[in-house]
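Colleague: Note that this note's numbering has the sequence shown beginning at 78, numbered continuously upward. The C-beta atom is built at its ideal place from N, Cα and C for all residues, glycine as well. Just so we're clear, the structure is a prediction, and the values are computed from it rather than from any experiment. First, the structure itself, so that you have it in front of you.
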Amino acid sequence: MAAPVPPAPPGGAQKNETVGLAGGPDPVFSRLPVRSARAKRPAVGQEEEATVAAAPEQKRARPTPAAPAPARPVGGGRAPLKPLSVAVAARPAPRKAASAVAVPRAGAPPPAAAPPRPKRAAWDLKGQVNDLREALGSCREKARGLDGENRLLREQVGTLQRDLQEREFQEKDLNHRLGTLSAELLACQEELAQRRREAEDLAAEKQRLEEEVERGGRALAEAEGKAQDLAARLEEREAQLKLAEETLQQHAARAAELQVQAAAQEQQLGQQEERLHGLEMERRRLHNLVQELKGNIRVFCRVRPVLPEEEERQKGLEHLHFPPQDNKMLVLSRPEESHVGRERRGDIRYDFSFDRVFPPSASQQEIFEEIALLVQSALDGYHVCIFAYGQTGSGKTYTMEGPDTLDPETRGMIPRAVQQVFRGARELTEKGWEYGFTASFLEIYNESLRDLLAGRPERGAELEIRRVSSTSEELHVPNLRCVPVTSEEEVLGLLQTAAANRSVARTALNDRSSRSHCVFQLRIRGSNPARDLHCASVLSLVDLAGSERLDKSLSRGERLRETQAINTSLSTLGLVIMALSNKEPYVPYRNSKLTYLLQNSLGGSAKMLMFVNISPLEENFAESLNSLRFASKVNECVVGTAHANRK
Numbered sequence: 078m079a080a081p082v083p084p085a086p087p088g089g090a091q092k093n094e095t096v097g098l099a100g101g102p103d104p105v106f107s108r109l110p111v112r113s114a115r116a117k118r119p120a121v122g123q124e125e126e127a128t129v130a131a132a133p134e135q136k137r138a139r140p141t142p143a144a145p146a147p148a149r150p151v152g153g154g155r156a157p158l159k160p161l162s163v164a165v166a167a168r169p170a171p172r173k174a175a176s177a178v179a180v181p182r183a184g185a186p187p188p189a190a191a192p193p194r195p196k197r198a199a200w201d202l203k204g205q206v207n208d209l210r211e212a213l214g215s216c217r218e219k220a221r222g223l224d225g226e227n228r229l230l231r232e233q234v235g236t237l238q239r240d241l242q243e244r245e246f247q248e249k250d251l252n253h254r255l256g257t258l259s260a261e262l263l264a265c266q267e268e269l270a271q272r273r274r275e276a277e278d279l280a281a282e283k284q285r286l287e288e289e290v291e292r293g294g295r296a297l298a299e300a301e302g303k304a305q306d307l308a309a310r311l312e313e314r315e316a317q318l319k320l321a322e323e324t325l326q327q328h329a330a331r332a333a334e335l336q337v338q339a340a341a342q343e344q345q346l347g348q349q350e351e352r353l354h355g356l357e358m359e360r361r362r363l364h365n366l367v368q369e370l371k372g373n374i375r376v377f378c379r380v381r382p383v384l385p386e387e388e389e390r391q392k393g394l395e396h397l398h399f400p401p402q403d404n405k406m407l408v409l410s411r412p413e414e415s416h417v418g419r420e421r422r423g424d425i426r427y428d429f430s431f432d433r434v435f436p437p438s439a440s441q442q443e444i445f446e447e448i449a450l451l452v453q454s455a456l457d458g459y460h461v462c463i464f465a466y467g468q469t470g471s472g473k474t475y476t477m478e479g480p481d482t483l484d485p486e487t488r489g490m491i492p493r494a495v496q497q498v499f500r501g502a503r504e505l506t507e508k509g510w511e512y513g514f515t516a517s518f519l520e521i522y523n524e525s526l527r528d529l530l531a532g533r534p535e536r537g538a539e540l541e542i543r544r545v546s547s548t549s550e551e552l553h554v555p556n557l558r559c560v561p562v563t564s565e566e567e568v569l570g571l572l573q574t575a576a577a578n579r580s581v582a583r584t585a586l587n588d589r590s591s592r593s594h595c596v597f598q599l600r601i602r603g604s605n606p607a608r609d610l611h612c613a614s615v616l617s618l619v620d621l622a623g624s625e626r627l628d629k630s631l632s633r634g635e636r637l638r639e640t641q642a643i644n645t646s647l648s649t650l651g652l653v654i655m656a657l658s659n660k661e662p663y664v665p666y667r668n669s670k671l672t673y674l675l676q677n678s679l680g681g682s683a684k685m686l687m688f689v690n691i692s693p694l695e696e697n698f699a700e701s702l703n704s705l706r707f708a709s710k711v712n713e714c715v716v717g718t719a720h721a722n723r724k
């Protein structure tokens, strides 16, 4: 049973709490203030008497306690929900507030007025004062009655407001319950529909399963028949399995034998690899020994063929003789004339011997076969320098680079050497070697370096030769474009770029004369990580500018300065080779940019080969004789033993 709620204090607000559907208190509502009934204004002459009479009585007036409010549930629980019809019917009727003081109802007849008293005389002041006091007391009594009625009405209003709030809370509760029940009803209807659909699906599934069971029965009968067949086949397979197990045991034994053999073969393979490495190192030693026996400075002579436009003024090659029994000899001859009568007294012979002499009929492939072993030394870690020397128009550029068409049959020494280097590197990869290549191409024009792989706008850039470090003898050219290459096709593209940028000009001796020394260098770095071996080398292939006589070339102006620079650098090259041959303490490398750049490829730790190219024309007899004499001096030089750059 719920405890009664204590009455609210007069003139104050009371918090009403009801238990909601969730079990917690509903929001608090404050009582609205109620205006007190406005007292009627007394008639003129009675206002003073009413005020005086009501004053002493107001102090004695006490508020009458209101009737107790209807009981409400207390605590965190909530009353059980009732059906909507029962909740509406059980709503309590509003209660009237009890009052201890009887208050006349509105509209009731006023009490009978006292009979009027006779008017006092003017002198009877004391009587007038008594009358006034009596009137004042009467007014006070009325005021107390009105005040009590006002309090009673306020309590009634408060009670009614509380009842109204309770009705509102109950209505909200009922509405909430109604919404909840409606939602539950809707959910139940949806669930019922879903159950109906599921029942229909289950019925269909049941029918399907029955059909499957029927089919399964038929399949089972068939399976039983197959099972009998399988049982027979299983027995057969078991017999085969038993036989296979026996065979497997035999194979396992054979596999064990093969593993033993494989281990032995692996050991033998390791020994073979060691032996192969030893043979490779021995091959390199013997290869280097053969090259040293042939000479670390070797000279080949090549006579170019007569061009079609030269056949009219050249009637054979009577001044050139190639002894058939010796491919290392070349003989120049010319008739000797008398100074008096200009009588012919016989031929003057000039015999020259080189490491190899190639007549005009020799092909590019035949010539390269003679230098292939020398190119192989570059992969073994030796600096190798191959250059072509001779007068202008003697075929140096054709020998080194070949024609512009890059025909495989007419390729020069540079494309063929690069092709062999890459092919040799691929073969050595199977032996554990790894190689990296970097290519550069420059020209020395009037004693200044130009990068042939850079664009023409950059050709004026100044390049200088520097040492790699103060403790190293290795030289390099800062700002020179060095291109990493991985195939001969990439190098051929660089050769075409360089050929387009090279300095050439027309002279009296050659329509397209090279006016600079062209130096192609391929830097090779190899390593064998398994054996911790490293090697580094430089393959230098040089197409020297052609030597000229000023009286025949008729050079003037810029061509004259070019000719002087070319002849000076070629003379310095001869002096360097002679100094190396004579073991002189000072070698004039720095007298020319050409010899300074090739310093590491000309010394005793490198291998060098010179092509001396001569013209077949008899009119160039004097220039050919000078070139052959210079080549003979170089061929007679003997430098120290070359050393490989290996670690």
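Among 508, 556, 617, which one has its Cα closest to the Cα of residue 677?
Modeller: Considering only alpha carbons, the answer is 617.
Colleague: Ordered along the chain, which non-local residues of its own chain (more than five positions away) have a Cβ less than 6 Å from that of residue 407?
Modeller: Excluding sequence neighbours, residue 407 sits near 378, 429, 434.
Colleague: Find the nearest neighbour of residue 404 within the set 392, 355, 441, 447, judged by alpha-carbon distance.
Modeller: Closest by alpha carbon: 447.
Colleague: By the three-class DSSP mapping on this structure, what secondary structure does residue 201 have?
Modeller: In the structure shown, residue 201 sits in coil (DSSP, three-state: anything other than H, G, I, E or B).
Colleague: Please confirm whether residue 487 and residue 562 have their CB atoms less than 9 Å apart.
Modeller: Cβ atoms of residue 487 and residue 562: not closer than 9 Å.
Colleague: Using only the alpha-carbon positions, how far apart do residue 688 and residue 646 sit?
Modeller: Straight-line Cα distance between these residues: approximately 17 Å.
Colleague: Quick check on residue 712: does DSSP put it in helix, strand or coil?
Modeller: In the structure shown, residue 712 sits in a helix (DSSP, three-state: H, G or I).
Colleague: Rounded to whole angstroms, what is the Cα-Cα separation between residue 623 and residue 605?
Modeller: Residue 623 and residue 605: Cα-Cα distance of roughly 42 Å.
Colleague: How far does the alpha helix (DSSP H) with residue 453 in it extend, from its first residue to its last?
Modeller: 441-456 is the span of the alpha helix (DSSP H), which, as asked, contains residue 453.
Colleague: In three-state terms, what does DSSP make of residue 663?
Modeller: Residue state, collapsed to three classes: coil.
Colleague: According to the Cβ coordinates, are residue 658 and residue 612 closer than 9 Å?
Modeller: No, Cβ-Cβ distance for residue 658 and residue 612 is not below 9 Å.
Colleague: If I measure Cβ to Cβ from residue 523 and keep anything under 7 Å in the same chain, skipping five residues before and after, which residues do I get?
Modeller: Answer for residue 523: 638, 639, 642, listed in chain order.
Colleague: Run through the DSSP bridge pairs and tell me what residue 515 is partnered with.
Modeller: The partner list for residue 515 (beta bridge, DSSP) reads 561, 600.
Colleague: Among 469, 473, 598, which residue has its Cα nearest to the Cα of residue 498?
Modeller: Ranking the options by Cα distance to residue 498, first place goes to 598.
Colleague: Out of 495, 554, 218, which has the shortest C-alpha to C-alpha gap to residue 564?
Modeller: The candidate whose alpha carbon is nearest that of residue 564 is 495.
Colleague: For residue 441, count neighbouring Cβ atoms within 10 angstroms of its own Cβ and tell me buried if that reaches 16, exposed if not.
Modeller: Answer is buried; the Cβ neighbour count reaches 16.
Colleague: Which residue spans inside the stretch 460-494 form an unbroken beta strand (DSSP E) run of at least 3?
Modeller: The qualifying runs are 460-467.
Colleague: Do you know offhand how far residue 541's Cα is from residue 345's?
Modeller: Going from the Cα of residue 541 to the Cα of residue 345 covers about 54 Å.
Colleague: Taking 9 Å as the threshold (C-beta atoms), are residue 456 and residue 614 in contact?
Modeller: Yes, these two residues count as a Cβ contact at 9 Å.
Colleague: Quick one: Cα of residue 443 to Cα of residue 620, how far?
Modeller: Approximately 19 Å, taken between the alpha carbons.
Colleague: Which of the three DSSP states, helix, strand or coil, is assigned to residue 215?
Modeller: DSSP places residue 215 in helix when its eight states are reduced to three.
Colleague: With a threshold of 16 other CB atoms inside 10 Å of the CB of residue 471, please say whether the residue is buried or exposed.
Modeller: Its Cβ being crowded by 16 or more others within 10 Å, residue 471 is buried.
Colleague: In terms of residues, what are the limits of the beta strand (DSSP E) holding residue 690?
Modeller: Run containing residue 690: 683-691, per the beta strand (DSSP E) assignment.
Colleague: Go ahead and label residue 484 buried or exposed: buried means 16 or more other beta carbons lie within 10 angstroms of its beta carbon, across all protein chains shown.
Modeller: Classification of residue 484: exposed, given that the 10 Å Cβ count is below 16.
Colleague: Measuring alpha carbon to alpha carbon, tell me which residue in 546, 517, 310, 338 is nearest residue 576.
Modeller: Here the closest residue by C-alpha is 517.
Colleague: In whole angstroms, what separates the C-alpha of residue 512 from that of residue 506?
Modeller: In a straight line, the C-alpha of residue 512 is about 8 Å away from that of residue 506.
Colleague: Of the residues 608, 424, 709, which one's Cα is nearest the Cα of residue 351?
Modeller: For the residues 608, 424, 709, the minimum Cα distance to residue 351 belongs to 608.
Colleague: Spatial neighbours of residue 449 within its chain, please: CB distance less than 7 Å, with the 5 preceding and 5 following residues excluded, ordered by chain position.
Modeller: For residue 449, where only same-chain residues beyond five positions count, the Cβ hits under 7 Å are 497.
Colleague: Going straight from the alpha carbon of residue 302 to that of residue 311, what length do you get?
Modeller: One C-alpha to the other measures close to 14 Å.
Colleague: Can you grab the Cα-Cα spacing for the pair residue 236 / residue 229, in whole Å?
Modeller: Between residue 236 and residue 229, the C-alpha separation is close to 10 Å.
Colleague: Does any CB atom of chain B fall closer than 9 Å to the CB of residue 459?
Modeller: Note that chain B does not occur in the displayed structure, where there is just one protein chain.
Colleague: Rounded to whole angstroms, how far is the Cβ of residue 432 from the Cβ of residue 375, which I believe are closer than 8 Å?
Modeller: Indeed, because the Cβ distance is near 5 Å, the residues count as touching under 8 Å.
Colleague: Taking the beta strand (DSSP E) that residue 525 falls in, what are its first and last residues?
Modeller: Unbroken beta strand (DSSP E) run through residue 525: 525-528.
Colleague: Return the Cβ separation of residue 671 and residue 521 in integer angstroms, given the expectation that the two are a contact with Cβ distance under 8 Å.
Modeller: Yes, residue 671 and residue 521 are in contact; Cβ-Cβ is about 5 Å, under 8 Å.
Colleague: Going by DSSP in three states, residue 648 sits in which element: helix, strand or coil?
Modeller: In this structure, residue 648 counts as helix in the three-state DSSP scheme.
Colleague: Cα-Cα, which of 465, 674, 326 is closest to residue 711?
Modeller: The candidate whose alpha carbon is nearest that of residue 711 is 465.
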